[in-house]
Amino acid sequence: MDSYFSAQELGTFAGITVATNVIVQFTKGIFKKRCKDYVIRIYTFFVAFVLSFVFIPHQNTLKDITLLMINSILICMASFGNYEMIKDTYRKKSTDEKHT
Numbered sequence: 001m002d003s004y005f006s007a008q009e010l011g012t013f014a015g016i017t018v019a020t021n022v023i024v025q026f027t028k029g030i031f032k033k034r035c036k037d038y039v040i041r042i043y044t045f046f047v048a049f050v051l052s053f054v055f056i057p058h059q060n061t062l063k064d065i066t067l068l069m070i071n072s073i074l075i076c077m078a079s080f081g082n083y084e085m086i087k088d089t090y091r092k093k094s095t096d097e098k099h100t
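Under full-length UniProt numbering, the residues of the sequence shown are numbered 1 to 100, in order.
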């Protein structure tokens with residue numbers, strides 16, 4: 001294994017979702033102290049769009065930019081879904097332990 005991510009892997013839906021999730025999780029502390037939660041969602045969309053724009057082959061047409069925006073919304077939603085699934089799993093576990 002030469003590297004953790006290659007351009008081919010980042011050009012896939014799963015690759016960009018993982019990269020978006022990692023980038024946002026490590027940098028959201030900057031915004032979390034000063035802004036509300038909706039700013040994190042906008043930031044996540046922005047990160048997903050930039051990664052999609054860079055790593056997904058496209059032509060600079062209106063159709064391709066629109067598709068990149070739609071893909072970025074899906075990537076953003078998947079990224080939040082991953083985080084919420086892990087967060088809720090640990091929250092339920094720790095709450096159940098307190099009641100026993």
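Ideal Cβ positions, reconstructed from N, Cα and C, are used throughout, including at glycine.
Keep in mind it's a predicted model, so treat the numbers as computed, not measured.
From this set, the options, which residue's C-alpha is nearest residue i's C-alpha?
{"i": "residue 113", "options": "F49, V24 and P57", "result": "With the chain running from 1 to 100 in the structure shown, residue 113 is simply not present."}
{"i": "G11", "options": "I40, F26 and H58", "result": "H58"}
{"i": "A19", "options": "R34, F46, K33 and C35", "result": "F46"}
Among the residues of its own chain, which have a CB less than 8 Å from the CB of residue i, if the five just before and after it don't count?
{"i": "M1", "result": "In this predicted model, M1 has a pLDDT of only 48, less than 50, meaning its place in the structure is not dependable; the value taken from the coordinates is given anyway. If we look at M1 and ignore the five residues flanking it on each side, it has no Cβ neighbours."}
So, residue i versus residue j, is the Cβ gap smaller than 8 Å?
{"i": "A48", "j": "I75", "result": "yes"}
{"i": "T17", "j": "S79", "result": "yes"}
Go through its chain and collect everything with a Cβ distance to residue i's Cβ below 7 Å, but skip five positions before and after it.
{"i": "F31", "result": "V39, I40 and Y43"}
For residue i, collect the residues of the same chain with a Cβ closer than 6 Å to its Cβ; drop the 5 residues on either side in sequence, then sort them by chain order.
{"i": "M69", "result": "none"}
- [ ] Any chance you could list the alpha helix (DSSP H) runs of at least 4 consecutive residues sitting entirely within the stretch 16–77, in chain order?
- [x] 37–55
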